[in-house]
Amino acid sequence: MNNSIKCFHDKLHIFYRFSQHMSTSSDVALSTLPSIEQDSRLVRRGDFRGVVAGKEKIKTSNPDVILSKIQENLRKNYRISGDVVLFDIVRQMEKGNGDFKNHITRASERWIPLIIHSCGHPLSNIENTLKNEILDRLWAQLNTDIGPPPVYGWNARFRVLNENGTEWDPVKELDQMERAGIEPNVATFHEVVNRVAVSGDVEGLKNMVYTMARKGFAVDAHINAASVFAFSIRGHYKKADSLCQIENQAATKYGENGSLLAHGAAVRAAACRGDNDRLRQILRKCIIASTTKLALSADDILETVWHMAEKSRDGKGAECSQLVEQMLNCTSRDEGFFRKLFREIERHICHRHYYTALSLLEDTKRVSDCLENQRKSTFLHQLVGRLSTQLIRNQEPAHLIRDIANRVHYTFNRKNSNLRIRMYDDLLYATLMLKDMDLDDRLEYFRNFIDEIDVKRERIHITLPLMTSESDVNQRLAILFRLTTMGYREWSSIETEPLVRTILQPLYNNGRPFRDLSRLDKLSRVLKSYGITERQTWLILLQWSKIRAKEEKQIPEDQRSRPFARDLRGWCRAYYSETFETPKATHKKSVPILYEKLKSCVDQGDITKVSSVLSSNGWPTDTNFVEIVPSALNLYLMHESWKNVHQMLEGLSPFSCEWDEDPSKTPMKNYHLLSVLRRMAEEDEQLSIRGITDYAYELRTLFPNASCYYEGFFETQNEYKKLFAKCFERLERQGFTQNTVDELIDFLRCLVKLDLIQLHPSETLTVFFINILLKRVGWTEALNTWQKFLSSLHCPNGTVALLRYCLQQNSDESRKNLQFVIHRGATFLSQSRMRAMHLAVLIGMRRFEEAEKTCEQLTTDIDPNDCLMAMRLMNAMKARSFDDQFMLDYAALCLRKLNLASNKEAAQSMQADLLRICGNARISMLFNTSLIADSRHMGPTALRVYDLFSEYDVELRDEEKNRLSAVIEKHSSLSKKWIFKPDGFLNIAADDDIITGSEEARIQEKLRKVS
3 MNNSIKCFHD KLHIFYRFSQ HMSTSSDVAL STLPSIEQDS RLVRRGDFRG VVAGKEKIKT
63 SNPDVILSKI QENLRKNYRI SGDVVLFDIV RQMEKGNGDF KNHITRASER WIPLIIHSCG
123 HPLSNIENTL KNEILDRLWA QLNTDIGPPP VYGWNARFRV LNENGTEWDP VKELDQMERA
183 GIEPNVATFH EVVNRVAVSG DVEGLKNMVY TMARKGFAVD AHINAASVFA FSIRGHYKKA
243 DSLCQIENQA ATKYGENGSL LAHGAAVRAA ACRGDNDRLR QILRKCIIAS TTKLALSADD
303 ILETVWHMAE KSRDGKGAEC SQLVEQMLNC TSRDEGFFRK LFREIERHIC HRHYYTALSL
363 LEDTKRVSDC LENQRKSTFL HQLVGRLSTQ LIRNQEPAHL IRDIANRVHY TFNRKNSNLR
423 IRMYDDLLYA TLMLKDMDLD DRLEYFRNFI DEIDVKRERI HITLPLMTSE SDVNQRLAIL
483 FRLTTMGYRE WSSIETEPLV RTILQPLYNN GRPFRDLSRL DKLSRVLKSY GITERQTWLI
543 LLQWSKIRAK EEKQIPEDQR SRPFARDLRG WCRAYYSETF ETPKATHKKS VPILYEKLKS
603 CVDQGDITKV SSVLSSNGWP TDTNFVEIVP SALNLYLMHE SWKNVHQMLE GLSPFSCEWD
663 EDPSKTPMKN YHLLSVLRRM AEEDEQLSIR GITDYAYELR TLFPNASCYY EGFFETQNEY
723 KKLFAKCFER LERQGFTQNT VDELIDFLRC LVKLDLIQLH PSETLTVFFI NILLKRVGWT
783 EALNTWQKFL SSLHCPNGTV ALLRYCLQQN SDESRKNLQF VIHRGATFLS QSRMRAMHLA
843 VLIGMRRFEE AEKTCEQLTT DIDPNDCLMA MRLMNAMKAR SFDDQFMLDY AALCLRKLNL
903 ASNKEAAQSM QADLLRICGN ARISMLFNTS LIADSRHMGP TALRVYDLFS EYDVELRDEE
963 KNRLSAVIEK HSSLSKKWIF KPDGFLNIAA DDDIITGSEE ARIQEKLRKV S
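Just so you know, we're using the numbering used here here: the sequence shown kicks off at 3 and counts up by one.
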């Protein structure tokens, strides 16, 4: 009994000492606790006006409710706000909140990992450095309150350190952990090994694996993936690939999950190294052929995107945004993907990776329609708002902000979209509300954004926050003057009370009578000197008198402040006649320019007068834009400076909303915009493909209806060929690099995405690309570019250039390269399509025996439609000099060896194409060339085409019969003119043996019998 009493007293004494220690430590903590203002800056609270940041958000009364809400938020949204973690958890522990600490201690296994994990990826709205500050404070508090944290606390901390990309010493941390008496488990070693792998320390990784083995932990799939990462980050790709291969015994041992983790590690390591070629190579290997999806987890893909943005040249992620879009196109969207995507967008925005954030933001359009009932657009508006505030908070350059806004506008404000994102509104609001910003910067931002929001200067109320942002009346007057020069002049239409409080009353109080001038007279003159007209001043003072009269009714006379309502009314009465009735000497109004005068200047090609008219008076009200825009634009592009061209386009843009939405009827066509981009490519001394790409988005914003249409196909084709020819011409002088090639590919994808061009199945632009690279850069870069075209644009036509190059080299290495191209192309195209192009190239190079041999070695049939596609491509490549021998030889090969006649529709289509070319009726329109039918007539070839197909029972359709008849008739007229008597140059009779016995005569006789 005595022992029990003694034990009770001992425990009571220990509890008393612990309470005293807790009380003392709480007092110390409170004395060193950072202020609310400091912590608000830590989590980015209070940067903008209108946000109360001086008080804590939650009065912690029930710790269980607080922690449960945090847990539920993490479960539902995968993310949490920084102020919740800091104010609701960390500061409560630092204050010595006993209930909070006891609650965490009672269920430590539940709550400690939760609150530590909150400092990692879920804390997506603040930077990594600030996350680490919060984590350090939380960890220090856990050590103080509960002693050494348990192993799951250490594991959670190691994981968060890895997620935040923090530099930490794993060996030192393990040593501290063991000194505290905490035994590491397998999860501990997973995080430690991941950290060692990030540093690329292969030897350190081996030592850590040995340490695991001594403690009884075997190598598993996570350790294998870390090894892949370590070898890849060091550039030991062969070793890393051997660990990734599914056929490898080790990979088989870890199963499908092990292969998934290993490939994910390889992809992330390539992104960390900034090796985009290696990254693309691994991504192509990870494509599942049946679904065209990546065999990678969403976490690995999103983490890869993060590393790509971190390694980008300027930290904004512009050069990798196209690759990010391709990766997202091939990503499997499992449960929770959208929540992870939202979290990643916030993370990229917060760290100023704006372009990758936009690529991720665009992917929100893929979210299932079932979320529309949950107001999917709410998420989008929230993210665009955060993007806007971050751009303004970081005070990014105006050209960068405009480019990002243009991309957002194009992505989400398309014709068929129900969404309307007004990013410029968010940008202007953030500009007006940001606290710490220089006045000149604020006004510059305002000037850049206001033209997109208030073109007619009707929303004058949005200027009030600018004037209230400064406390000095002289600064407010300067703002008033600059706003007046921007076009805001109707100041009487605004609410007068803010003007009274910010400008009028301070001016009146500071003013002193001067000679015969009253204070109100002086105030009027001051306002006039800052751009306010006498009429506006009179109206403002009249409204002020009404406000003052209303106030004076409720105030005793001895307490009223000046100016009195009667003084204001008296001033208005005194100056009424002078302001409204006395005629003013005005400048003679300029005579409006008539449209006919402008059109005559354009027709005469007088660019000086055209430029003077448009810069001074703008476009006449009765302008026929369809009639004048193409000619005026051509004049500007030929003779004016780039600055004037840009100003003219901006002046023309407001009228585009009044034009027909049909792309074929709008005055500004898509090929006009391509010519503008070509002019921009000629302008600067150093060509910037990135700058042209950015401007393409601006042009799309200026003229939203100028998109591709069927009737403008050939004009578009002609313009984009000129554009890329100019780019290549200038880049050749500057020197080709891998980066410039990637930028050109991204530019091409941008034009396709913006619907400025369309790449049809017989396009030759990619062939032109590959040929240039083969000549200037070499085989390797050309091959990589070809694979990028296949994966990103689905354009296989560059295969022809590679095949021809390999066949011309005629070496063992080139033969290996040839087989690689054929087999590699088959991963994106059908084997039939690749073989058809191979045979077409062989026939084009007159390698008939090799083509015959290749046909005999075929193990599967070639689709007749693929033969037709190959024929069309080869003919498109020879648009200026048709190869009639190739057409006949390739058609004969397809009919004889490839069973083309078995597909009646494909055979008739090929016959029709060949007869159309031979007829030469549409050559000038089709290919924009100056071929003359008389000098390049192909009548005999048309007869041979008919004869060839008739041998395989391919009948002529009615249209082809008429076309063939026209060709024969044209051929006969030319024969009479140049060959037959009496006027023919050769003076041969029509019934001469050389004529009647010719092959053409035989086929004509055959045709007459059939018809």
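Just so you know, even glycine gets a beta-carbon here, dropped at the ideal spot from N, CA and C.
All of these numbers come straight from a predicted model, not from anything done at the bench.
Please state whether the Cβ-Cβ distance between GLN740 and GLN688 is less than 8 Å.
Contact flag unset, no.
Delimiting residues of the alpha helix (DSSP H) encompassing VAL502:
Premise fails: VAL502 is in no alpha helix (DSSP H) and is neither H nor E.
For CYS603, collect the residues of the same chain with a Cβ closer than 6 Å to its Cβ; drop the 5 residues on either side in sequence, then sort them by chain order.
Contacts found: LYS611 and VAL612.
Local Cβ density within 10 Å of PHE850, reported as buried at 16 or more and exposed below that:
Within 10 angstroms of the beta-carbon of PHE850 lie fewer than 16 other beta-carbons, which makes it exposed.
The alpha helix (DSSP H) spanning CYS808 covers which residue range?
First-last of the alpha helix (DSSP H) with CYS808: 800–811.
By the three-class DSSP mapping on this structure, what secondary structure does LEU689 have?
When DSSP states are grouped into helix, strand and coil, LEU689 belongs to the coil group.
Beta-carbon contacts of VAL754 that lie in its chain and below 8 Å, excluding the five residues immediately before and after:
So the qualifying residues of the chain are GLN760, LEU761 and LEU795.
Have a look at the DSSP bridge pairing and note the partners of LEU296.
Paired residues: ILE289.
Exposure of MET142, with buried meaning 16 or more beta-carbon neighbours within 10 Å
Met is not the amino acid found at residue 142; the sequence shown has Ala there. Classification of ALA142: exposed, given that the 10 Å Cβ count is below 16.
Could you give the first and the last residue of the continuous alpha helix (DSSP H) run that contains PRO467?
Unbroken alpha helix (DSSP H) run through PRO467: 466–470.
Whole angstroms are fine: how far does the CA of GLY827 sit from the CA of SER292?
Roughly 16 Å between the two C-alpha positions.
Relative to the alpha-carbon of ALA297, which residue among ARG335, GLU321, GLU312 and GLY276 has its alpha-carbon at the smallest distance?
The shortest C-alpha separation from ALA297 is found at ARG335.
Compare the C-alpha of LEU809 against each of PRO632, ASN799, LEU831 and GLU852 and name the closest.
Here the closest residue by C-alpha is GLU852.
Exposed unless 16 or more other CB atoms sit within 10 angstroms - verdict on LYS78
Classification for LYS78: exposed.
Cα separation between ALA480 and ASP438?
Whole-angstrom Cα-Cα distance: 19 Å.
Identify which residue in PHE451, ASP605 and THR504 has its Cα closest to the Cα of SER390.
Ranking PHE451, ASP605 and THR504 by Cα distance to SER390 puts PHE451 first.
Spatial neighbours of ILE225 within its chain, please: C-beta separation below 7 Å, excluding the five flanking residues on both sides.
For ILE225, where only same-chain residues beyond five positions count, the Cβ hits under 7 Å are VAL195 and VAL211.
Buried or exposed: ILE1005, going by 16 or more other Cβ atoms within 10 Å of its Cβ?
Buried, since its Cβ has 16 or more Cβ neighbours within 10 Å.
Express the C-alpha separation of GLY489 and GLU685 in angstroms, rounding to a whole number.
Looking at the two C-alpha atoms, the distance is approximately 32 Å.
Best match in LEU844, GLN859 and ARG51 for proximity to LEU436 [C-alpha to C-alpha]
Nearest C-alpha to LEU436: ARG51.
Could you check the C-alpha separation between GLU180 and ALA227 for me, to the nearest Å?
Looking at the backbone, the Cα of GLU180 and that of ALA227 are separated by about 26 Å.
Starting from the Cα of ASP624, find the closest Cα among ASN209, PHE657, ARG681 and PHE191 and give me that residue.
ASP624 has its Cα closest to that of PHE657, out of ASN209, PHE657, ARG681 and PHE191.
Taking the DSSP output, what are the residues bridged to PHE50?
Partner(s): LEU436.
Runs of 4 residues minimum, wholly inside the region 836–903: which ones carry the alpha helix (DSSP H) assignment?
Those alpha helix (DSSP H) runs which fall completely within the region 836–903 and span 4+ residues are 850–858, 866–879 and 886–898.
Is it buried or exposed for GLU745, if we count other Cβ within 10 angstroms and need 16 for buried?
GLU745 is buried by the Cβ-count criterion.
What is the rounded straight-line gap between the Cα of GLY317 and the Cα of ALA271?
Taking the straight line joining both Cα atoms gives about 18 Å.
Does the distance from the CB of ALA158 to the CB of HIS119 come in under 8 Å?
The Cβ atoms of ALA158 and HIS119 sit closer than 8 Å to each other.
Helix, strand or coil for MET488? Go by DSSP, reduced to three states.
Three-state result, MET488: coil.
Helix, strand or coil: which one does DSSP assign to ILE1005?
Residue state for ILE1005 is assigned as helix, using DSSP reduced to three classes.
For VAL956, name the three-state secondary structure that DSSP assigns.
Reduced to three states, the DSSP call for VAL956 is coil.
Reducing DSSP to helix, strand and coil, say where MET310 ends up.
Look at MET310 here: in three-state DSSP terms it is helix.
When the distance is taken between beta carbons, is GLY206 closer than 8 Å to VAL200?
Going by C-beta atoms, VAL200 is not nearer than 8 Å to GLY206.
How would you write the range of the alpha helix (DSSP H) that ILE128 sits in, first residue to last?
It is not in any alpha helix (DSSP H) - ILE128 carries neither H nor E in the DSSP assignment.
On the three-state DSSP scale, how would you describe ASN420?
ASN420 falls in the coil class under three-state DSSP.
Give the DSSP-derived three-state secondary structure of ASP936 in the structure shown.
Summary for ASP936: the model assigns pLDDT 36, below 50, so the residue's position carries little reliability, and this model does not support an answer.
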